[in-house]
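See below for the structure under consideration.
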Amino acid sequence: MADPYFFGYGSLVNLATHDFPDPQPATLKGWRRVWRHTDLRPVAFLTAIPDAASEIDGMIAHVPGDDWTALDEREWAYDRVPATQSISHPLTRDVDIAVYAVPKDRENDAPNHHPLLLSYIDVVVQGYLRAFGSDGADRFFATTDGWEAPVLNDRAEPRYPRHQQLKRVETDFVDSRLQRVSAKIVQPA
Numbered sequence: 023m024a025d026p027y028f029f030g031y032g033s034l035v036n037l038a039t040h041d042f043p044d045p046q047p048a049t050l051k052g053w054r055r056v057w058r059h060t061d062l063r064p065v066a067f068l069t070a071i072p073d074a075a076s077e078i079d080g081m082i083a084h085v086p087g088d089d090w091t092a093l094d095e096r097e098w099a100y101d102r103v104p105a106t107q108s109i110s111h112p113l114t115r116d117v118d119i120a121v122y123a124v125p126k127d128r129e130n131d132a133p134n135h136h137p138l139l140l141s142y143i144d145v146v147v148q149g150y151l152r153a154f155g156s157d158g159a160d161r162f163f164a165t166t167d168g169w170e171a172p173v174l175n176d177r178a179e180p181r182y183p184r185h186q187q188l189k190r191v192e193t194d195f196v197d198s199r200l201q202r203v204s205a206k207i208v209q210p211a
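With the sequence shown counted from 1, adding 22 to any position gets you this note's numbering.
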């Protein structure tokens, strides 16, 4: 029987945000990231969408206790999608891998009402810098769509529950890449 694993492409790449067992770098082919706006919460979600011409770096990890329940609760707004055949990874044993994606029927077109949280972007990019270096973090920005939504600067009072303290060089990297994608930074009201 194959061991259950999941592919993380956002905050799960940052190993400081969780203690899931056996994290390994991996690549998901035929998908890309996009910021999604839904009726599920007042900020945008980072999700993966099918895209035959793209691939994204991420991290696979073993599902704790071979039980999807806790992970499904953490990723409550997403559907779990089988992805084993689309993922390259270093493991040599038989694994069954899923990716979480926001269901298409939950999307809406309200990007101005659903900002991206800078504290969340910080966590994700810090993870990519540590796992894949600056080239990998640059690939994160290049393979993610939806940067036209406003970015809420919540660094002083982070709204993302698993926020992390960034080193100055990491903060500078995030800020310079947001500038490159012409992100509109807005201040909290």
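Every residue, glycine too, gets a C-beta built ideally from N, C-alpha and C.
All of these numbers come straight from a predicted model, not from anything done at the bench.
Query                                                                                                                  : Result
Range of the contiguous beta strand (DSSP E) that encloses Asp25                                                       : Asp25 to Gly30
Separation of Thr114 from Glu179, as counted between CA atoms                                                          : 43 angstroms
Contact set for Lys84: own chain, Cβ-Cβ below 8 angstroms, skip 5 residues either direction                            : Here the sequence assigns His to residue 84, which means Lys is not the residue at that position. Counting only Cβ-Cβ distances below 8 angstroms, and skipping sequence neighbours, we find Asp25, Pro26, Tyr27, Phe42, Pro43 and Asp44.
Between the CA atoms of Ile82 and Thr141 - distance to the nearest angstrom                                            : Rather than Thr, the amino acid found at residue 141 in this sequence is Ser. The straight-line gap from Cα to Cα measures roughly 23 angstroms.
Test item: CB-CB of Ile109 and Phe162 under 9 angstroms                                                                : no
Proximity of Asp61 and Phe154 at Cβ, strictly below 9 angstroms                                                        : no
Complete beta strand (DSSP E) runs within the region 98-133 (minimum length 3 residues, chain order)                   : 101-104 and 117-123
Cβ contact (3+ pairs, closer than 8 angstroms) linking the region 90-97 and the region 62-78                           : no
Leu50, enclosing beta strand (DSSP E) - first and last residue                                                         : Gln46 to Arg58
Sequence-distant residues of the same chain with beta carbon closer than 8 angstroms to Arg152, five excluded per side : Asn36 and Leu37
Residue range of the beta strand (DSSP E) that includes Asp79                                                          : Phe67 to His84
Exposure of Pro183, with buried meaning 16 or more beta-carbon neighbours within 10 Å                                  : exposed
Minimum C-alpha distance to Leu188 - residue among Lys206, Gly87, Val121 and Tyr150                                    : Tyr150
First through last residue of the alpha helix (DSSP H) which encompasses Trp90                                         : Trp90 to Arg96
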